[in-house]
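Everything below concerns the one structure shown next.
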Amino acid sequence: MDVKAIRADFPLLNQEVNGHPLVYLDSSATSQKPTQVIDAINQYYRLNNSNVHRGVHTIGTRATEQYEGARERVKQFIHAQYVEEVIFTRGTTTAINLVATSYGRANLTEGDEIVITQMEHHSNLIPWQQVAKATGATLKFIPLEDDGTVTLANVEKTITQATKIVAIAHVSNVLGTINPIKEIAEVAHRNGAIVVVDGAQGVPHMKVDVQALDCDFYAFSGHKMCAPTGIGVLYGKKVWLEQMEPIEFGGEMIDFVDLYDSTWKELPWKFEGGTPIISGAVGLAAAIDYLTVIGLDQIMTYEQQLTAYAIDQLEQIDGIDIYGPKKRAGLITFNLTDVHPHDTATVLDSEGIAVRAGHHCAQPLMKWLNVTATARASFYIYNTEDDVDRFVNGLKKAKEFFGDVF
Ligand code: PMP
58 MDVKAIRADF PLLNQEVNGH PLVYLDSSAT SQKPTQVIDA INQYYRLNNS NVHRGVHTIG
118 TRATEQYEGA RERVKQFIHA QYVEEVIFTR GTTTAINLVA TSYGRANLTE GDEIVITQME
178 HHSNLIPWQQ VAKATGATLK FIPLEDDGTV TLANVEKTIT QATKIVAIAH VSNVLGTINP
238 IKEIAEVAHR NGAIVVVDGA QGVPHMKVDV QALDCDFYAF SGHKMCAPTG IGVLYGKKVW
298 LEQMEPIEFG GEMIDFVDLY DSTWKELPWK FEGGTPIISG AVGLAAAIDY LTVIGLDQIM
358 TYEQQLTAYA IDQLEQIDGI DIYGPKKRAG LITFNLTDVH PHDTATVLDS EGIAVRAGHH
418 CAQPLMKWLN VTATARASFY IYNTEDDVDR FVNGLKKAKE FFGDVF
């Protein structure tokens, strides 16, 4: 991977923050955007902007072709079987809520179980809490090992014949744990349950083949993979999507409308009520092209190497807790002993280094870790060993600074 060339594609990275060259280590929250994506959106608005699926005029046809072309691009990228299995949403949260509300409410009843884990992001927890309350189903949690992994033995123990839905992150946004989705799907299917994958931290960083994983639904966000905010995807197996009712009603999603009743368009449009996220889809297609040229396998390997390089150095610092398993995705969640993570992040920011501090939208996981908050450094294609060195030195400064205070 030519990281120097990649960095040059990201204009935002080329700036000073608080008098230091920026080191951006918050890509798990949102990634930066390359010129190729910014230009694609710019060009769309300059040349092709129109509403889609309606007009007979040339610009409208171009916009429709770009929007539907983006869907085809997503289909290839995640290796879906049919293009109509790709629903554009606002992001992962909206995608999971669509499954929970539409599929969940129609298929769950008292006595049924929804199985998730304690490592879930709030976006893959609260929709299930809500659907459990509405239907009388119960939520069950696959126990985590001490290092924050899920074992198949525990998966087998937790999923039963009463389980109807298993909802799990592909990659934890806090621990970096990579969950064995294919194996979990096998256990779920054997018990007659479906599998919903929160892929927010999966698709941006690794090759995802939804057919090979055999998941029933897979949700992800464009903004964590070089695309703009406001666009995401719900992949769903056609067999389920066809049975599901829309949850948003209005323009674009209808076939025929009368005073007291209406019918819906076929897939995927019945789930895309209102003017869709056209420029977002154009940006997402450009992001997919960009990442595909680099290669998702290379991205994964590079991020893991960078993470290992960082962990080697962090482990030499006295008084640091690093959370999560050895084999992990490209992020490191940690705390300096006796230093609040917000203070750590503030000292790093004064050095031009951006890390995240807080509960990372995973309060039950913070409880499991027995902390109220943590700091997190997350890596992407544009980060370098030099970024890691700056980060480690910044942490040493934070330790010295607060060491003097305490
Ligand atoms: N799940 C995980 C694992 C995430 O990291 C995130 C984003 N932090 C989400 C879900 C929610 O994504 P979005 O805010 O884009 O809907």
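Counted from 1, the sequence shown has number 167 at position 110 by this note's numbering; the numbering is strictly sequential. We put the CB at the ideal spot given by N, CA and C, even for glycine.
(request) In angstroms with no decimal places, state the Cα-to-Cα distance between V339 and V156. (result) Mapped onto the sequence shown, residue 339 falls at position 282. Mapped onto the sequence shown, residue 156 falls at position 99. If I take the Cα positions, the gap works out to 24 Å.
(request) In angstroms with no decimal places, state the Cα-to-Cα distance between V228 and G117. (result) Residue 228 sits at position 171 when you count from the first residue of the sequence shown. Residue 117 sits at position 60 when you count from the first residue of the sequence shown. Their Cα atoms are separated by approximately 39 Å.
(request) Give, in chain order, every unbroken run of the beta strand (DSSP E) that is at least 3 residues long and sits entirely within the stretch 285-336. (result) 289-293, 311-314, 319-321
(request) Could you please give the first and the last residue of the uninterrupted alpha helix (DSSP H) stretch that includes G117? (result) Walking along the sequence shown from the start, residue 117 turns up at place 60. Run containing G117: 115-135, per the alpha helix (DSSP H) assignment.
(message) If I measure Cβ to Cβ from F463 and keep anything under 6 Å in the same chain, skipping five residues before and after, which residues do I get?
(response) Stepping through the sequence shown from its first residue, residue 463 is reached at position 406. For F463, the predicted structure reports a pLDDT of 44, less than 50, and the residue's modelled location is therefore unreliable. A value from the coordinates is still provided. Short of 6 Å from the beta carbon of F463, and not among the five residues preceding or following it, lie these beta carbons of its own chain, in chain order: D395.
(request) Could you say which of D400, N105, T390, V445 lies nearest to S85 if we only look at CA atoms? (result) For the purposes of this step, residue 85 is taken as the residue at position 28 of the sequence shown. When only C-alpha atoms are compared, the closest one is T390.
(request) State yes or no: is the C-beta of A120 within less than 7 Å of the C-beta of V131? (result) On the sequence shown, position 63 is the one that residue 120 refers to. On the sequence shown, position 74 is the one that residue 131 refers to. Result no, Cβ atoms of A120 and V131 do not sit closer than 7 Å.
(request) Mark F274 as exposed unless 16 or more other C-beta atoms lie within 10 angstroms of its C-beta, in which case mark it buried. (result) Within the sequence shown, numbered from 1, the residue matching residue 274 stands at position 217. It is buried - the Cβ of F274 has at least 16 other Cβ atoms within 10 Å.
(request) Give the DSSP bridge partners of E73, in chain order. (result) As a first step, residue 73 must be located in the sequence shown, where it is residue number 16. Paired residues: P78.
(request) Out of T234, Y101, E177, state which residue places its alpha-carbon closest to the alpha-carbon of D255. (result) Position 198 of the sequence shown, counted from the start, is the residue given in the question as residue 255. Ranking T234, Y101, E177 by Cα distance to D255 puts E177 first.
(request) Compute the minimum distance between the beta carbon of T150 and the heavy atoms of the ligand PMP, and state whether it is under 6 Å. (result) For the purposes of this step, residue 150 is identified with residue 93 of the sequence shown, where counting begins at 1. Because some heavy atom of the ligand PMP lies under 6 Å away, the Cβ of T150 counts as near it: yes.
(message) For L371 and I377, what's the separation of their Cα atoms in angstroms?
(response) For the purposes of this step, residue 371 is taken as the residue at position 314 of the sequence shown. For the purposes of this step, residue 377 is taken as the residue at position 320 of the sequence shown. Each residue's alpha carbon lies about 8 Å from the other.
(message) Can you find the residues in the same chain that come closer than 7 Å, C-beta to C-beta, to Y81, ignoring five residues on each side of it along the sequence?
(response) Sequence index remark: in the sequence shown, residue 81 carries index 24 (1-based). If we look at Y81 and ignore the five residues flanking it on each side, its Cβ neighbours are L70, Q89, A411.
(request) Please name the residue, chosen from T115, A344, R111, that lies closest to L104 on a Cα-to-Cα basis. (result) The residue you call residue 104 lines up with position 47 of the sequence shown. The shortest C-alpha separation from L104 is found at T115.
(request) Using beta-carbon positions only, say whether A402 and A432 come within less than 7 Å of one another. (result) Indexing the sequence shown from 1 puts residue 402 at position 345. Indexing the sequence shown from 1 puts residue 432 at position 375. Yes, Cβ-Cβ distance for A402 and A432 is below 7 Å.
(request) Would you check whether the ligand PMP has a heavy atom nearer than 6 Å to the C-beta of A342? (result) Counting from 1 along the sequence shown, the entry for residue 342 is found at position 285. Result no, Cβ not under 6 Å from the ligand PMP.
(request) Output the distance between the C-alpha atoms of R128 and V404, rounded to the nearest integer angstrom. (result) Here residue 128 refers to the residue found at position 71 of the sequence shown. Here residue 404 refers to the residue found at position 347 of the sequence shown. Cα to Cα, R128 sits roughly 43 Å from V404.
(request) Could you tell me whether the Cβ atoms of H262 and I356 are closer together than 7 Å? (result) Along the sequence shown, read from residue 1 onward, the residue named residue 262 stands at position 205. Along the sequence shown, read from residue 1 onward, the residue named residue 356 stands at position 299. Yes, Cβ-Cβ distance for H262 and I356 is below 7 Å.
(message) Among A210, N99, G233, L324, whose alpha-carbon lies nearest the alpha-carbon of L298?
(response) The residue given as residue 298 occupies position 241 in the sequence shown. Relative to the Cα of L298, the nearest Cα in the group A210, N99, G233, L324 belongs to L324.
(request) Could you tell me which uninterrupted alpha helix (DSSP H) segments, each at least 4 residues in length, are contained entirely in the stretch 132-177, listed from first to last along the chain? (result) 149-155
(request) Could you pull out every residue in the same chain whose Cβ sits closer than 7 Å to the Cβ of L196, ignoring the five residues on either side in sequence? (result) The sequence position of residue 196 within the sequence shown is 139, counting from 1. Correct list, in chain order: I171, I173, W185, Q186, A189.
(message) According to DSSP, simplified to helix, strand and coil, what is N392?
(response) For the purposes of this step, residue 392 is taken as the residue at position 335 of the sequence shown. Strand at N392.
(request) Note down, in chain order, each residue of its chain lying with its Cβ closer than 7 Å to the Cβ of D406, except the 5 sequence neighbours on either side. (result) Here residue 406 corresponds to residue number 349 of the sequence shown, with the count starting at 1. Contacts found: N75.
(request) State the start and end residues of the unbroken beta strand (DSSP E) segment that holds I379. (result) Counting from 1 along the sequence shown, the entry for residue 379 is found at position 322. Segment 377-380, the beta strand (DSSP E) holding I379.
(request) Pick helix, strand or coil for R64, following the three-state DSSP scheme. (result) As a working mapping, residue 64 is identified with position 7 in the sequence shown. Helix at R64.
(request) For F463, name the three-state secondary structure that DSSP assigns. (result) For the purposes of this step, residue 463 is taken as the residue at position 406 of the sequence shown. Only weak support exists for where F463 lies, its pLDDT of 44 falling under 50; the value from the coordinates is given anyway. Coil.
(message) Using a 10 Å radius around the Cβ and a threshold of 16 neighbouring Cβ atoms, would you call P91 buried or exposed?
(response) Here the question's residue 91 lines up with position 34 in the sequence shown. P91 comes out buried.
(message) Would you say the beta carbon of S88 is closer than 6 Å to some non-hydrogen atom of the ligand PMP?
(response) Walking along the sequence shown from the start, residue 88 turns up at place 31. Answer for S88: no, Cβ out of range of the ligand PMP.
(message) Just to confirm before moving on: does the CB-CB distance between I438 and I63 stay below 7 Å?
(response) Taking the sequence shown and counting its residues from 1, one reaches residue 438 at position 381. Taking the sequence shown and counting its residues from 1, one reaches residue 63 at position 6. Closer than 7 Å, so yes.
(request) Please state if the CB of D169 and the CB of K214 are separated by a distance shorter than 7 Å. (result) Start at 1 with the first residue of the sequence shown, and residue 214 comes out as number 157. Start at 1 with the first residue of the sequence shown, and residue 169 comes out as number 112. Not closer than 7 Å, so no.
(request) Provide the residue span of the alpha helix (DSSP H) that contains V267, from first to last. (result) Looking up residue 267 in the sequence shown gives position 210. Note, V267: alpha helix (DSSP H), 267-270.
(request) Whole angstroms is fine: what's the gap from F67's alpha carbon to V260's? (result) Walking along the sequence shown from the start, residue 67 turns up at place 10. Walking along the sequence shown from the start, residue 260 turns up at place 203. Answer to the nearest angstrom: the Cα atoms are 20 Å apart.
(message) For Y437, would you say it is in contact with chain B, using Cβ-to-Cβ distances shorter than 7 Å as the test?
(response) Protein chain content of the structure displayed is limited to a single chain, and chain B is not contained in it.
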